[in-house]
Amino acid sequence: FGAMKLLPKRLLADRAAMQGLAVFSMPIIRTVDALVGATNAMRVDAYAADGRRETLRVAHPDLERCVGQATAAFGLELLRDGVAAGVWYPAELGKPSRDRILGIAREEAFIWDV
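Mapping of the sequence shown onto the working numbering: residues 4 to 117, in sequence order.
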């Protein structure tokens with residue numbers, strides 16, 4: 004969000020101020036989502052040390068649902084012993100676990116382009 008770049012870092016680091024902004028803006032966001040939809044999209048460009056590049060473009064009708072699905076998929080991998088407990092970058096996961104997690108996150112995507 005470009006406007007955030009205009010705010011002082013001290014203000015952005017103020018948890019209470021940012022919580023207040025979130026509380027203030029949530030009804031506005033919910034109203035806009037109800038009127039025009041809650042579609043979210045992103046593009047991720049990843050560059051490897053050897054120069055390889057991968058790009059992912061993904062769009063979901065609802066960000067909250069997508070995040071929930073991905074979180075639940077990771078939890079399932081933990082329960083299945085597919086992933087050791089801890090914090091992981093996707094590239095650090097084994098390919099089978101990564102594929103299962105991404106497969107669930109992809110389920111409702113109307114754009115999934117790698």
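Note that the Cβ used here is the ideal one computed from N, Cα and C, for glycine as well.
Tell me the DSSP bridge mates of residue i?
i   : result
Y50 : R56
M7  : Per DSSP, none; premise fails for M7.
V61 : M45, W115
Between the alpha carbons of residue i and residue j, how many angstroms are there, rounded?
i    : j    : result
R18  : C69  : 26 Å
D65  : A112 : 9 Å
L14  : S28  : 16 Å
I104 : A49  : 18 Å
D102 : D53  : 23 Å
W115 : R33  : 25 Å
L10  : Q22  : 15 Å
A75  : L82  : 10 Å
G106 : G89  : 21 Å
D84  : R55  : 31 Å
The alpha helix (DSSP H) with residue i in it runs from where to where?
i    : result
D36  : 18-39
D102 : 98-109
F113 : Looking at the DSSP string, F113 is not in any alpha helix (DSSP H), and its letter there is neither H nor E.
R83  : From DSSP, R83 is part of no alpha helix (DSSP H); its letter is neither H nor E.
Among the options, which one has its Cα closest to the Cα of residue i?
i   : options             : result
A41 : R101, V47, I31, L79 : I31
H63 : Y92, A44, G78, F77  : A44
Counting C-beta neighbours from all protein chains within 10 Å, is the total for residue i 16 or more, i.e. buried, or is it exposed?
i    : result
E95  : exposed
E110 : exposed
Q72  : buried
E80  : buried
V26  : exposed
A108 : buried
V86  : buried
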